[in-house]
């Protein structure tokens with residue numbers, strides 16, 4: 001009683017003999033063929049549901065003598081088959097093993113060990129509630145750490161100004177001011193100019209319905225001076241400089257430069273954070289002023305082109321419609337926005353840990369939080385100004 | 391063993407470098423450099439700082455294009471090879487970079503599975519089985535598979551990098567300073583691991599190192615880089631008979647002697 005089944009891929013020949021099975025392996029038992037090898041093995045009992053019959057205590061001889069090449073993965077499959085057969089109560093035997101195969105099979109057998117079980121997760125609703133709770137508590141902790149970091153920065157600033165003015169890093173502050181402020185002028189100016197044009201154009205359309213086109217000057221002047229100039233500048237700076245603060249400080253953190261500073265007796269807040277915060281505090285008001293001027297220019301050019309309001313009329317009207325107070329209300333917000341952006345950027349940078357992926361995550365966080373907080377602060381200022389009646 | 395070829399092929403060059411020239415701007419690093427690597431051997435490249443050891447390794451694996459010369463691997467010209475063929479050759483070697491160069495956003499197991507998925511398109515539970523197998527072969531504990539590279543120590547990163555280099559059961563393994571930054575016990579264990587794997591899996595090892603213990607204990611041959619070329623190739627014993635001042639200082643200096651003494655002591659212990 002003997003039956004032979006050959007696997008189509010020519011990797012396995014199964015001979016059914018009295019007292020047991022004999023699997024004659026042939027071909028290349030290497031990782032590149034692993035899909036075919038696994039398929040070939042399904043012909044064996046116990047390897048798959050459709051596989052031929054029960055293992056029952058039978059013997060299985062796995063003959064490697066016709067194998068052309070075998071690597072660790074091939075040896076693993078042979079070892080796994082024999083091990084499963086053993087567990088099912090059969091008697092496996094591997095034959096046709098030369099010296100090289102024996103070393104390899106020995107290595108693989110040594111490498112076979114129970115895989116640690118992963119802890120089982122909870123249900124989806126439980127996970128959702130858990131996730132929500134975690135993010136609420138995280139948001140709370142984040143706000144606290146931001147406030148405490150702001151405090152540390154202010155303390156360091158006062159320490160520098162009143163106790164150790166010699167330790168103040170003037171060069172670094174100016175370098176940051178140049179990078180974050182001067183080099184941002186083209187983009188801030190262009191955006192404000194275009195927004196001025198858009199407001200004038202959209203405003204004229206609406207105001208023409210009442211025959212009040214001339215009020216476009218008031219519209220442009222008040223919206224740009226009070227809100228848009230400073231907001232646009234702050235948002236561009238949050239995207240441009242907040243992110244670069246985080247990436248710079250984050251890379252230094254990964255490179256252990258921040259730790260090196262601490263061991264050399266340098267305070268990273270004094271060296272890294274204070275110059276950046278000061279630089280933005282100086283530069284953001286300047287940029288906001290520049291944005292105001294460019295926005296007004298855009299509005300003026302558009303009024304001239306579409307409405308035929310000549311620049312001198314526009315200027316006269318401008319002087320009548322706004323006072324310096326309107327301008328001051330906008331520009332006074334700039335230092336607050338600057339501190340927010342710089343502190344968030346530096347804090348996120350110092351929080352980088354472990355891998356380069358963390359730098360990316362923190363940089364995203366820095367921009368998102370920076371812009372969000374700027375807008376929240378702006379809303380708070382609006383309420384404040386409305387209450388005191390400015 | 392796998393693709394190790396017939397006995398006649400053993401000892402034949404698996405890598406053949408001829409007339410390699412590497413230059414960065416005006417600075418010439420290699421000129422008319424020749425080197426043969428034999429199948430199944432562990433060969434170490436040594437040389438002073440700035441002699442271009444890593445550059446040579448990068449040149450062989452295609453990360454740096456030489457200005458002149460020919461590189462033959464597995465009997466085929468590598469330079470100017472079409473991309474499709476080149477990918478096939480790349481599947482037959484594995485590289486361990488100096489700091490592991492593990493992908494930081496993936497776990498160790500996922501790192502090992504990258505070449506399996508990319509080159510072989512494997513799917514399903516076999517991926518996890520192979521990853522677990524390689525993790526064990528590289529001498530890492532089973533739970534290391536679920537860890538991210540940032541959670542591993544320096545030695546474990548090297549082992550994980552080796553596990554990834556071994557993912558496709560390569561015929562050649564390139565190791566860039568495999569024991570740098572490891573403690574002596576960890577370094578000795580790593581040397582032993584490479585020797586054991588070479589004996590069982592049967593690959594060829596090309597390594598760049600400064601570690602005299604590695605040279606003394608596991609390397610079959612040593613190639614000394616200097617004066618823009620490979621000055622000598624030979625066994626440790628042959629190195630000790632060289633008269634070139636740099637080689638004499640390298641192998642007969644206090645560290646060289648200590649490494650050889652340690653090796654002699656070990657052998658005496660094994661025999662006694």
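Residue numbers (the numbering used here), protein chains in the order written: chain A, 1 to 390; chain B, 391 to 662. Built from N, CA and C at the ideal position, the CB exists for glycine as well. Because the structure is a prediction, the values reported are computed rather than measured.
Length of the line joining the Cα atoms of residue 87 of chain A and residue 548 of chain B: 35 Å
CB contact check: residue 610 of chain B to chain A, cutoff 8 Å: no
Alpha-carbon spacing of residue 34 of chain A relative to residue 564 of chain B, whole angstroms: 24 Å
Nearest-angstrom beta carbon gap, residue 185 of chain A and residue 301 of chain A [assumed within contact, 8 Å]: Not really, about 19 Å apart at Cβ, beyond 8 Å.
C-beta neighbour in chain B for residue 304 of chain A, strict 8 Å: No, residue 304 of chain A does not count as interfacial toward chain B.
Given 8 Å, three or more beta-carbon pairs between the segment 350 to 361 of chain A and the segment 287 to 296 of chain A: no
Residues of the segment 572 to 592 of chain B whose Cβ lies closer than 7 Å to any Cβ of chain A, in chain order: 589, 590, 591 and 592
Exposure label - residue 253 of chain A; buried when at least 16 CB within 10 Å: Residue 253 of chain A should be labelled buried.
Chain-ordered residues of the segment 490 to 512 of chain B with a beta carbon less than 7 Å from chain A: 494, 495, 510 and 512
Identity of the residues DSSP links to residue 22 of chain A by a beta bridge: A/15 and A/61
Contact check, residue 479 of chain B vs residue 466 of chain B, beta carbons under 8 Å: Yes, they are a contact pair.
Among B/428, B/436, B/425 and B/463, the one whose alpha carbon lies nearest that of residue 616 of chain B: The residue with the shortest Cα to Cα distance from residue 616 of chain B is B/436.
C-beta contact flag for residue 191 of chain A and residue 337 of chain A at 8 Å: no
Boundaries (first-last residue) of the alpha helix (DSSP H) holding residue 85 of chain A: 72 to 87
Per DSSP, cross-strand counterpart(s) of residue 596 of chain B: B/433 and B/564
Length at least 4, wholly inside the segment 198 to 264 of chain A: the alpha helix (DSSP H) runs in chain order: 216 to 222, 229 to 237, 243 to 254 and 257 to 263
Bounding residues of the alpha helix (DSSP H) (the contiguous stretch that carries residue 418 of chain B): From DSSP, residue 418 of chain B is part of no alpha helix (DSSP H) but of the beta strand (DSSP E) over 417 to 428.
Contact belief for residue 444 of chain B with residue 408 of chain B at Cβ below 8 Å, rounded distance in angstroms: At roughly 20 Å, the Cβ-Cβ gap does not stay under 8 Å, so residue 444 of chain B and residue 408 of chain B are not in contact.
Whole-angstrom distance between residue 311 of chain A and residue 203 of chain A, CA atom to CA atom: 17 Å
Residue 72 of chain A and residue 15 of chain A closer than 8 Å at C-beta: no
Among A/38, A/170, A/162 and A/166, the one whose alpha carbon lies nearest that of residue 513 of chain B: Comparing Cα positions, the closest option is A/38.
Option nearest residue 468 of chain B by Cα separation, candidates B/485, B/482 and B/450: B/450
Residue 441 of chain B classed as buried or exposed, judged by whether at least 16 other C-beta atoms fall within 10 angstroms: Counting Cβ neighbours within 10 Å, residue 441 of chain B comes out buried, since at least 16 surround it.
Cut-off 6 Å between Cβ atoms - residues of its own chain near residue 21 of chain A, not counting five sequence neighbours on either side: For residue 21 of chain A, same chain residues with a beta-carbon under 6 Å away, outside a window of 5 residues either side, are 60 in chain order.
Inter-residue Cα distance where the pair is residue 267 of chain A and residue 276 of chain A: 14 Å
Nearest-angstrom Cα separation, counted from residue 200 of chain A out to residue 328 of chain A: Between residue 328 of chain A and residue 200 of chain A, the C-alpha separation is close to 22 Å.
Closer than 7 Å at the beta carbon, the chain A residues around residue 526 of chain B: 111 and 113
The alpha helix (DSSP H) enclosing residue 394 of chain A, as first and last residue numbers: Limits of chain A in this structure are 1 at one end and 390 at the other, which puts residue 394 of chain A out of reach.
Burial state of residue 501 of chain B (16 or more Cβ within 10 Å): Under this definition residue 501 of chain B is a buried residue.
Three-state secondary structure (DSSP) of residue 414 of chain B: strand
Beta carbon proximity, residue 11 of chain A to chain B, threshold 8 Å: no
Distance between beta carbons of residue 284 of chain A and residue 237 of chain A, contact taken as under 8 Å: 6 Å
Residue 471 of chain B versus residue 637 of chain B - alpha carbon distance: 37 Å
With 16 other Cβ atoms within 10 Å as the buried cut-off, status of residue 144 of chain A: exposed
C-beta contact flag for residue 104 of chain A and residue 70 of chain A at 8 Å: yes
Local conformation of residue 465 of chain B per DSSP, three classes: coil
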